[in-house]
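Contents: one structure, followed by commentary.
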Amino acid sequence: PDIPTPPQMMKVYHEFSEKVLAYGPSQGLEVYQQGLVHYYKRLGISLDTKDIIVTTAGSEAVTFAMMVAANEGDEIIVPEPFYTNYNGFATMASIKLQAITTLAENGFALPNDEAFEALIGPKTRAIMLCNPGNPTGAVYSNEELFRVAALCKKHGLFLISDEVYREFIYDGLC
24 PDIPTPPQMM KVYHEFSEKV LAYGPSQGLE VYQQGLVHYY KRLGISLDTK DIIVTTAGSE
84 AVTFAMMVAA NEGDEIIVPE PFYTNYNGFA TMASIKLQAI TTLAENGFAL PNDEAFEALI
144 GPKTRAIMLC NPGNPTGAVY SNEELFRVAA LCKKHGLFLI SDEVYREFIY DGLC
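In terms of the numbering used here, the sequence shown opens at residue 24 and continues consecutively.
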């Protein structure tokens, strides 16, 4: 809300003459899907539009990811402090969040593998990270991210990555 609207957007807004704003396709406009393909390609991730599910917001995307990764009564490990609304999303998905504590004293760095593995049980289906962290603002290092990815692979878990604030990192860490 405190970021200036791009001038090109304001120009389009002022020149807009349509009388009816119709809904777009639920899977998103083709031009948007292609934009996502190109965005991720710049990050070294190869996707096709058929690999993309467009949602109305990040909250919906996180909720869907929880529902895909876990069944009723299953667990997802999430570093805390975490975005408060994750609790509501988990309730909607009928799953339990298993919190793994991070500390301000060490910059909210992710705990070691042993701490994660102590929480992994028969109902664990995923580890979910928010990077940069909400509400902490912590940015995980590549080493931390690869370590958690390896843990997920080792234990057959999904890795859910909430990157809603990714573009607000200005020092190249993500």
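Ideal placement from N, C-alpha and C gives every residue a C-beta, glycine not left out.
Note on geometry: alpha-carbon atoms of Asn110 and Glu38 lie some 42 Å from one another. Residue range 108–115 is occupied by the alpha helix (DSSP H) that includes Phe112, with no beta strand (DSSP E) assigned at that position.
Contact between Lys146 and Glu98 holds, with the beta-carbon distance rounding to 5 Å and staying under 8 Å.
Look at the beta carbons and you see the segment 118–134 not touching the segment 49–65: under three pairs across the two are nearer than 8 Å. Pairing Ala138 with Ser164 gives a Cβ-Cβ distance that is not under 9 Å.
DSSP lists Ala149 as the bridge partner or partners of Phe181. With a cutoff of 9 Å on beta-carbon distance, Ile192 and Pro158 are scored as not near each other. Rounded to whole angstroms, the separation of the alpha carbons of Ala93 and Gly160 is 27 Å. Counting the other Cβ atoms within 10 Å of the Cβ of Leu44 gives fewer than 16, which makes it exposed.
Relative to Arg170, the option among Glu140, Asp185, Arg189, Pro30 whose CA is nearest is Glu140. Separation of the CB atoms of Gln50 and Val77 is rounded to 6 Å, and the pair is thereby assigned contact status at 8 Å. Between the alpha carbons of Pro30 and Val91 lies a gap of roughly 39 Å.
Taking C-beta atoms as the reference points, Ala149 and Leu182 count as a pair closer than 9 Å. CA-CA distance, Ser69 to Glu128, rounds to 38 Å. Taking the Cα of Leu180 as reference, the smallest distance to any Cα among Asp71, Phe105, Leu52, Leu142 is reached at Leu142.
Counting only unbroken stretches of 4 or more residues, the alpha helix (DSSP H) elements lying wholly within the segment 58–96 are 81–92, in sequence order. Straight through space, the alpha carbons of Glu95 and Val101 are spaced by roughly 17 Å. According to DSSP, residue pairing for Pro102 in a beta bridge involves Ile123.
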